[in-house]
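Student:
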Amino acid sequence: MTDETASLVLEHLRAIRADIAIIKSDVRGVQTEQAAMRLELRALTLRVDHVVEEIADTKVRLDRIERRLELTEPAE
């Protein structure tokens with residue numbers, strides 16, 4: 000291999016190394032964003048679960064009120 004060929008190969012390898020460094024940086028950024036979105040999704044899931052519980056509790060209370068006021072048809 001001549002010096003010119005070796006120099007050309009080294010130049011390409013350096014360019015590849017620089018591109019890989021950029022890709023690694025981008026991947027780290029994406030991983031950070033993904034972790035943040037995972038935390039936000041977990042928080043939203045907890046909120047939705049809480050709202051579902053509140054709705055279920057409200058339905059139980061409403062059913063009880065309707066029975067006391069005799070607003071529902073008796074079950075046959």
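For what it's worth, numbering that gives the first Met the number 0 labels the leading residue of the sequence shown as 0, then goes sequentially.
Here a beta-carbon is modelled for each residue, glycine too, at the ideal position from N, C-alpha and C.
When you compare only the Cα positions, how much space is there between I15 and A34?
Tutor: Straight-line Cα distance between these residues: approximately 28 Å.
Student: At which residues does the alpha helix (DSSP H) containing L40 begin and terminate?
Tutor: Element bounds for L40: 2-67.
Student: My understanding is that E65 touches T57, with C-beta atoms under 8 Å, so please give their C-beta distance in whole angstroms.
Tutor: Not quite, the Cβ-Cβ distance comes to about 12 Å (not below 8 Å), so this is no contact.
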